[in-house]
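Participant:
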Amino acid sequence: MKVPPVKKGWIDIAIEIQYFHITQCKDEPDWTIEKTARNLNRSIGSVSQYLLIANWLKTHEKQIRRFKSINDALEFVRSRQREMRLEI
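With our numbering applied, the sequence shown corresponds to residues 2 to 89, in that order.
1. Have a look at L41 and S80 and give me their C-alpha separation to the nearest angstrom.
2. I16 and A55 - do their beta-carbons sit closer together than 8 Å?
3. Relative to the C-alpha of V48, which candidate in H22, K59, E76 and Q64 has its C-alpha closest?
4. List, from N- to C-terminal side, the alpha helix (DSSP H) runs of 4 residues or more that fit wholly inside the region 31 to 76.
5. What three-state label does DSSP hand E29 in the structure shown?
6. Rounded to whole angstroms, what is the Cα-Cα separation between M85 and F68?
7. When burial is assigned at 16 or more other CB atoms within 10 Å of the CB, is Y20 buried or exposed?
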């Protein structure tokens with residue numbers, strides 16, 4: 002019996018993209034987000050968004066994990082970034 006593939010969630014994808022990007026940056030110092038996007042067959046914008054979310058997971062994991070979609074998480078992150086800019 003063949004087991005159906007497991008669908009990855011957006012958080013898992015963000016973590017995997019970040020891992021790939023960081024690994025490539027360590028191996029090749031002039032590596033860019035554009036190269037990551039090309040290698041993963043994704044847009045530069047989506048890679049950038051996933052990297053942003055993966056970075057915020059390090060300090061705001063509980064808040065990020067409660068969102069059902071990356072768009073909701075991005076809205077939260079951008080709102081927090083605006084608040085932080087206004088505090089300066």
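The C-beta atom is built at its ideal place from N, Cα and C for all residues, glycine as well.
Facilitator: By the coordinates alone:
1. By 1-based counting over the sequence shown, the position of residue 41 is 40. By 1-based counting over the sequence shown, the position of residue 80 is 79. Near 28 Å, if we compare the C-alpha coordinates of S80 and L41.
2. Translated into the one-based positions of the sequence shown, residue 55 becomes position 54. Translated into the one-based positions of the sequence shown, residue 16 becomes position 15. Going by C-beta atoms, A55 is nearer than 8 Å to I16.
3. The sequence position of residue 48 within the sequence shown is 47, counting from 1. Of the listed residues, the one whose Cα sits closest to V48 is H22.
4. Counting only runs that start and end inside the region 31 to 76, the alpha helix (DSSP H) elements of at least 4 residues fall at 34 to 41 and 45 to 66.
5. To locate residue 29, count along the sequence shown from 1; it is residue 28. DSSP places E29 in coil when its eight states are reduced to three.
6. In the sequence shown, the residue the question calls residue 85 occupies position 84. In the sequence shown, the residue the question calls residue 68 occupies position 67. Spanning the two alpha carbons is a distance of roughly 21 Å.
7. In the sequence shown, counting from the first residue as 1, residue 20 sits at position 19. By the neighbour-count rule (16 or more Cβ atoms within 10 Å), Y20 is not buried but exposed.
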